[in-house]
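Down below is the structure, laid out as structure tokens.
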Amino acid sequence: MNHTPSPHMTEAAKSGAGLLCGLGLGPDRVRSPDSLTYTPSPSGGTPSSSPPLLMSPGLGCDGGGDWESREELRLRELEEARARAAQMEKTMRWWSDCTANWREKWSKVRAERNRARDEVRQLRQRLDALTKELTGARRERQELAAENEQLRLEAQRVRAEQNSPANASTAPASNSSTASTHSNQPREPDIKQDNQDEENVRDGPGSPEQEPVRDVDTDKPDKQKELELLEALLRAKSEAPDSWDIRSASSLRSVLSRQDRSRLLWEDLAALEEDSGKLNALQLRLDESQKVLLKEREDKHALIKNIEKLEVELSQWKLKYEELNKSKQEALKQMERLQVENAAEWGRRERLETEKLALERENKKLRAQMEDLEEQLARKRRQAASALDTDLKTIQCELFERNKELADLRHVHSKVKKQYQEKMAELAHANRRVEQHETEVKKLRLRVEELKKELGQAEDELDEAHNQTRKLQRSLDEQVEQTENLQVQLEHLQSRLRRQQNPGIFGKMRTSASSRFVPEDADAPPSDPDEDEEEELQLQIP
């Protein structure tokens with residue numbers, strides 16, 4: 055059976071709720087110790103920016119919000135500074151890689167330039183050697199041409215000597231003179247040809263394309279003419295005695311002149327034999343000189359071809375050298391441009407380093423500020439704990455005062471008995487209200503379950519904050535348990551007061567009540583179980 059609570063109990067409950075509200079503990083903040091589950095701190099060691107769940111009266115909600123916003127701002131600034139520092143490190147690495155690449159390219163260009171210089175130096179040395187060989191060949195050629203000229207002069211002199219005795223000979227030697235004239239006439243173009251060859255040789259290497267090559271076939275008629283000359287001389291030698299015998303037979307008158315003529319003839323024959331020997335020797339020397347000239351001409355043509363080939367190669371190497379000079383100039387321009395860019399990048403790098411140092415200084419300042427804020431937070435937590443201790447002491451003092459008031463209420467209990475009849479009528483009305491309250495309690499329980507679910511969600515959201523304030527929460531929960539124990543003691547006192555008011559009706563319940571609770575006063579009346587149930591319902595309803 056349900057009964058209405060006494061007005062003293064409702065007043066005590068209201069006063070206890072006022073004390074809890076004064077401590078900052080509302081009905082939605084009071085939780086059982088089992089509901090406090092341990093939640094791990096977030097990874098990375100980053101402190102939670104949410105405010106603590108339970109605050110002391112000295113810490114206001116506005117101060118917690120400001121601290122949270124400031125901490126979020128500081129964390130955001132730290133993240134931006136870290137991102138900027140990482141970006142700066144990336145740019146520095148990129149610029150160092152660029153400078154290394156440009157240094158490698160410049161070393162390659164320098165190696166190519168040195169290689170080209172070595173090749174040009176080798177080509178110049180080769181060209182100098184070839185020019186020296188060419189000058190030596192020209193000198194040898196001039197010497198050979200001089201020797202050939204001397205040989206030709208000797209041959210002309212010998213021919214002139216041969217022609218002079220042939221012209222000075224008498225009538226018996228007319229055949230030989232005619233043969234010699236016939237042999238000298240075809241030799242005139244040969245002499246002209248030799249003079250042309252000498253002029254071509256004297257022209258030198260300046261006009262190599264105008265030098266004719268003398269064939270061996272052109273020398274054959276000259277040799278044949280010389281052989282005919284020798285045969286004519288021999289015939290003259292063989293026919294000379296016969297002609298002189300005929301003349302001696304016809305002219306017997308001049309024996310002395312005949313002997314003189316024979317002596318002159320024999321002298322002429324001896325001179326002719328000597329001249330023929332000299333002519334043969336000169337012919338051999340002439341053949342050898344012609345062979346040497348042919349070899350020299352062949353060597354000369356080979357040298358001319360080599361010179362032309364070397365001139366072509368020299369022109370090609372000159373073109374390559376010009377191209378290398380152009381590439382060198384372009385590389386120098388590119389190097390100057392890269393040096394300017396590198397200097398600009400070094401300046402940018404120094405500027406970035408100064409910015410990095412400034413950011414590091416700012417980070418140090420922010421870390422110092424964070425340490426100061428953490429110290430302030432710890433100090434505030436200690437102040438909150440000390441404030442809670444003082445509040446608990448004040449609550450105990452108030453509880454002692456309430457006990458005194460309960461003693462006074464015992465004296466007033468006699469007066470309350472007179473109002474018992476009125477209260478019975480009110481009790482019936484209260485029963486109806488209790489039934490209504492039960493329906494409302496069911497609704498409220500459903501609401502409480504929904505609120506518990508919402509509370510669980512809120513607890514999940516605020517687990518990070520609980521990790522920071524876990525110690526404070528545990529201490530506060532212990533204080534709450536102490537306050538609940540005090541409330542239970544207060545309820546015991548109220549129940550004893552009811553037992554004193556109704557000693558005759560509920561005498562049977564005294565033994566059970568005495569076994570459950572230790573009474574402070576042995577003369578206190580037994581408590582009403584219906585009133586106890588109503589009090590429990592009131593305590594369960596937040």
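Taking our numbering, the leading residue of the sequence shown gets 55, the next gets one more, and so forth.
Built from N, CA and C at the ideal position, the CB exists for glycine as well.
Quantities reported herein were computed from a predicted structural model and do not represent experimental measurements.
Thinking residue i and residue j are a contact (beta carbons under 8 Å), I'd like their distance in whole angstroms, please.
i: Ala-170; j: Leu-340; result: Ala-170 to Leu-340, Cβ: 54 Å. No contact.
i: Ala-385; j: Val-174; result: At roughly 16 Å, the Cβ-Cβ gap does not stay under 8 Å, so Ala-385 and Val-174 are not in contact.
i: Leu-460; j: Leu-551; result: 6 Å
i: Leu-526; j: Arg-433; result: At roughly 13 Å, the Cβ-Cβ gap does not stay under 8 Å, so Leu-526 and Arg-433 are not in contact.
i: Leu-420; j: Arg-124; result: The Cβ separation is near 11 Å, so there is no contact.
i: Asn-396; j: Thr-189; result: With a Cβ gap of about 52 Å, Asn-396 and Thr-189 do not count as contacting.
i: Leu-364; j: Leu-184; result: 6 Å
i: Leu-406; j: Met-146; result: 7 Å
i: Lys-354; j: Arg-195; result: 7 Å
i: Arg-167; j: Lys-382; result: 6 Å
i: Leu-198; j: Val-346; result: 7 Å
i: Lys-472; j: Gln-555; result: Their Cβ separation, rounded to whole angstroms, is 11 Å, which puts Lys-472 and Gln-555 out of contact at 8 Å.
i: Trp-148; j: Leu-392; result: Going by Cβ atoms, the distance from Trp-148 to Leu-392 rounds to 16 Å, so no, they are not a contact pair.
i: Val-212; j: Leu-326; result: Val-212 to Leu-326, Cβ: 12 Å. No contact.
i: Ala-191; j: Leu-357; result: 5 Å
i: Leu-600; j: Gln-533; result: Shown here, the chain extends from 55 to 596; a query on residue 600 therefore has no answer.
Helix, strand or coil, according to DSSP, for residue i in the structure here?
i: Thr-48; result: Any property of residue 48 remains undetermined from this structure, which presents the chain solely from 55 to 596.
i: Leu-516; result: coil
i: Gln-370; result: helix
i: Asn-379; result: helix
i: Gln-473; result: coil
i: Asn-625; result: The chain is shown only over 55 to 596; residue 625 falls outside these bounds and no answer can be derived.
i: Asn-217; result: helix
i: Thr-224; result: Because Thr-224 sits at a pLDDT of 45, beneath the cut-off of 50, its placement in the model cannot be relied upon, and the point is left open.
i: Asn-168; result: helix
i: Asn-556; result: coil
Give every residue of the same chain whose Cβ lies closer than 7 Å to the Cβ of residue i, excluding the five residues on either side of it in the sequence, and list them in chain order.
i: Leu-413; result: Ala-135, Arg-138 and Ala-139
i: Tyr-375; result: Val-174
i: Glu-515; result: none
i: Asp-329; result: Glu-215 and Gln-216
i: Lys-359; result: none
i: Lys-464; result: Position check: residue 464 holds Arg in this sequence, whereas Lys was assumed. Once the five neighbours on either side are set aside, the close Cβ partners of Arg-464 are Leu-551 and Gln-554.
i: Thr-408; result: none
Using a Cβ-Cβ cutoff of less than 6 Å, which residues in the same chain neighbour residue i once the five nearest sequence positions on both sides are dropped?
i: Leu-306; result: In this prediction, Leu-306 scores a pLDDT of 47, lower than 50, which makes its location untrustworthy; the coordinate-derived value is nonetheless stated afterwards. Closer than 6 Å at Cβ, skipping near neighbours: no residue.
i: Val-255; result: Because the pLDDT of Val-255 is 39, which lies under 50, any placement of that residue in the model is unreliable, and the number read from its coordinates should be weighed accordingly. Same-chain partners within the cutoff: Ala-199.
i: Leu-177; result: Trp-371
Leaving out five residues before and five after residue i in sequence, what residues of the same chain have Cβ atoms less than 8 Å from its Cβ?
i: Gln-423; result: Arg-128
i: Ser-343; result: Glu-201, Asn-202 and Leu-205
i: Asn-457; result: Leu-547
i: Thr-100; result: For Thr-100, the pLDDT reaches just 39, beneath the cut-off of 50, and the residue's location in the model is therefore unreliable, although a value from the coordinates is still provided. Excluding positions up to five away in sequence, the list reads Leu-129.
i: Thr-493; result: none
I'd like to know whether the C-beta of residue i is nearer than 7 Å to at least one C-beta of chain C.
i: Arg-435; result: Absence of chain C from the displayed structure is noted, only one protein chain being present.
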